[in-house]
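Peer 1: Encoded as structure tokens, here's the structure I'll be asking about.
In the numbering used here, the protein residues as written are 359 to 654.
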């Protein structure tokens, strides 16, 4: 099989058309069309359904794209690593990071990494959604309690836990009287929180009166005294120590765990390995106290 023709096929499949692929690669559209036609002839298969302005992969074309795209990426990265001196981190590094971690820690992490490895061009996007690493061309993603995925590998590098906090001025409720609550997002309609406290496991009735889109906003509202909230201990540990907030108990739920993930079949590039080591050095134990100290 002609690897150059296969690479051109993957380029067209990835961009969804000859025109888009030609513009992205700076190559003539006619050349890409001819190379794909030659590949189809050599395989005796039709890889694209061509009709009007639409270009759609056939079943055989999709199977070829899915099975060869990552292999071509690995070959390209291997050649780049050898040509650039092996283990020297350089080139573009795209990372997807969740909102709260990005707001509190990623700016400092990125700056330190950039000063340590000036030949790496780091790009960080902030989003809590589950991204497609291959389709969206990410080298590394950071996710909170990710679902098992056979195509990705990684490691946990930080642990946190949710606690219920409130302003000292807010009277702690008794019996079934609901406490005013500040919650993240509009979908949280909980009417009670199960917490672990010195008095044992208890349930607190809540009345969500504020729905805010970020944990930072929730913390700031709680500081102002409007209600109680569930927040990561790393985000409020300094407020608790200073007496600006009080701790009502821990949420009775599994810990929050941050993971770094990358494609399992992908050659681990020097720049990805360097960023993983950078995280390990920033959070050697991976505790909430380390995160709180890092962002203070």
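Where is the CB? At the ideal position from N, CA and C, for every residue including glycine.
Fair warning: this is a prediction, and the values are worked out from it, not measured in the lab.
Ignoring anything shorter than 3 residues, give me the beta strand (DSSP E) runs that lie fully in the region 374-416, in order along the chain.
Peer 2: Here the runs fully enclosed are 406-409 and 412-415.
Peer 1: For residue 361, count neighbouring C-beta atoms within 10 Å of its own C-beta (all shown protein chains included) and say buried if the count is 16 or more, exposed if not.
Peer 2: Along the chain shown, read from residue 1 onward, the residue named residue 361 stands at position 3. Result: exposed.
Peer 1: Terminal residues of the continuous alpha helix (DSSP H) containing residue 635?
Peer 2: In the chain shown, residue 635 corresponds to position 277, counting from 1. Taken as a continuous stretch (DSSP letters only), the alpha helix (DSSP H) holding residue 635 covers 628-640.
Peer 1: Using the beta-carbon count (16 or more within 10 Å), is residue 472 buried or exposed?
Peer 2: Mapped onto the chain shown, residue 472 falls at position 114. It counts as exposed.
Peer 1: Which stretch, first to last residue, makes up the beta strand (DSSP E) that contains residue 614?
Peer 2: Taking the first residue of the chain shown as position 1, residue 614 is located at position 256. 614-621 is the extent of the beta strand (DSSP E) around residue 614.
Peer 1: In three-state terms, what does DSSP make of residue 504?
Peer 2: Walking along the chain shown from the start, residue 504 turns up at place 146. Here residue 504 sits in coil by DSSP.
Peer 1: Measure the beta-carbon distance from residue 553 to residue 597 and round it to whole angstroms, keeping in mind my assumption that it falls under 8 angstroms.
Peer 2: For the purposes of this step, residue 553 is taken as the residue at position 195 of the chain shown. For the purposes of this step, residue 597 is taken as the residue at position 239 of the chain shown. No, residue 553 and residue 597 are not in contact; Cβ-Cβ is about 18 angstroms, not under 8 angstroms.
Peer 1: Kindly list the residues whose CB is nearer than 7 angstroms to the CB of residue 613, restricted to its own chain and excluding five residues on each side of it in sequence; keep chain order.
Peer 2: Position 255 of the chain shown, counted from the first residue, corresponds to residue 613. Around residue 613: 517, 518 and 519.
Peer 1: Count the other C-beta atoms from every protein chain shown that fall within 10 angstroms of the C-beta of residue 679, then say buried if there are 16 or more, exposed otherwise.
Peer 2: Residue 679 lies beyond the stretch modelled for the chain, which goes from 359 to 654, so this question has no answer here.
Peer 1: Nearest CA to the CA of residue 570: which residue from 582, 540 and 547?
Peer 2: If you number the chain shown from 1, residue 570 lands on position 212. The option with the nearest alpha carbon to residue 570 is 540.
Peer 1: Can you give the beta carbon distance from residue 618 to residue 634, rounded, assuming they're within the 8 angstroms contact cut?
Peer 2: Numbered from its first residue, the chain shown carries residue 618 at position 260. Numbered from its first residue, the chain shown carries residue 634 at position 276. Right, their Cβ atoms sit about 6 angstroms apart.
Peer 1: To the nearest angstrom, how far is it from the Cα of residue 589 to the Cα of residue 521?
Peer 2: Residue numbering aside, residue 589 sits at position 231 when the chain shown is read from its first letter. Residue numbering aside, residue 521 sits at position 163 when the chain shown is read from its first letter. Distance between the alpha carbons of residue 589 and residue 521 is about 6 angstroms.
Peer 1: According to DSSP, is residue 584 helix, strand or coil?
Peer 2: As a working mapping, residue 584 is identified with position 226 in the chain shown. Looking at residue 584 - three-state DSSP - the assignment turns out to be coil, as it is neither helix nor strand.
Peer 1: Which runs of the beta strand (DSSP E) fall wholly inside the region 523-566 and span at least 3 residues, in chain order?
Peer 2: If we require 3 residues or more, the beta strand (DSSP E) runs fully inside the region 523-566 come out as 537-542 and 550-555.
Peer 1: Taking buried to mean at least 16 other C-beta atoms within 10 Å of its own C-beta, is residue 585 buried or exposed?
Peer 2: The residue labelled residue 585 in the question sits at position 227 within the chain shown. Answer is buried; the Cβ neighbour count reaches 16.
Peer 1: Can you find the residues in the same chain that come closer than 6 angstroms, C-beta to C-beta, to residue 653, ignoring five residues on each side of it along the sequence?
Peer 2: Locating residue 653 in the chain shown gives position 295, where the first residue counts as 1. For residue 653, where only same-chain residues beyond five positions count, the Cβ hits under 6 angstroms are 462 and 463.
Peer 1: Tell me residue 704's beta-bridge partners as DSSP assigns them.
Peer 2: This structure does not reach residue 704, given that the chain is present from 359 up to 654, and the question cannot be answered.
Peer 1: In terms of residues, what are the limits of the alpha helix (DSSP H) holding residue 591?
Peer 2: Taking the first residue of the chain shown as position 1, residue 591 is located at position 233. Run containing residue 591: 591-600, per the alpha helix (DSSP H) assignment.
Peer 1: For residue 599, tell me which candidate among 525, 563, 561 and 568 has the shortest Cα-Cα distance.
Peer 2: Stepping through the chain shown from its first residue, residue 599 is reached at position 241. Answer by Cα proximity: 525.
Peer 1: Could you check what DSSP says for residue 448 in three-state terms: helix, strand or coil?
Peer 2: Position 90 of the chain shown, counted from the start, is the residue given in the question as residue 448. Coil, per DSSP.
Peer 1: Going straight from the alpha carbon of residue 378 to that of residue 620, what length do you get?
Peer 2: Taking the first residue of the chain shown as 1, we reach residue 378 at position 20. Taking the first residue of the chain shown as 1, we reach residue 620 at position 262. Each residue's Cα considered, the two are about 27 angstroms apart.
Peer 1: Compute the Euclidean distance between the alpha carbons of residue 481 and residue 450, then round it to the nearest angstrom.
Peer 2: Here residue 481 is taken as the residue at index 123 of the chain shown, counted from 1. Here residue 450 is taken as the residue at index 92 of the chain shown, counted from 1. Approximately 7 angstroms between the Cα atoms of the pair.
Peer 1: Under 7 angstroms Cβ to Cβ from residue 403, same chain only, skipping five residues before and after it: list those, please.
Peer 2: Numbered from 1 along the chain shown, position 45 holds the residue referred to as residue 403. Hits under 7 angstroms: 418.
Peer 1: Under the rule that 16 or more other beta-carbon atoms within 10 Å means buried, what is residue 601, buried or exposed?
Peer 2: For the purposes of this step, residue 601 is taken as the residue at position 243 of the chain shown. Under this definition residue 601 is an exposed residue.
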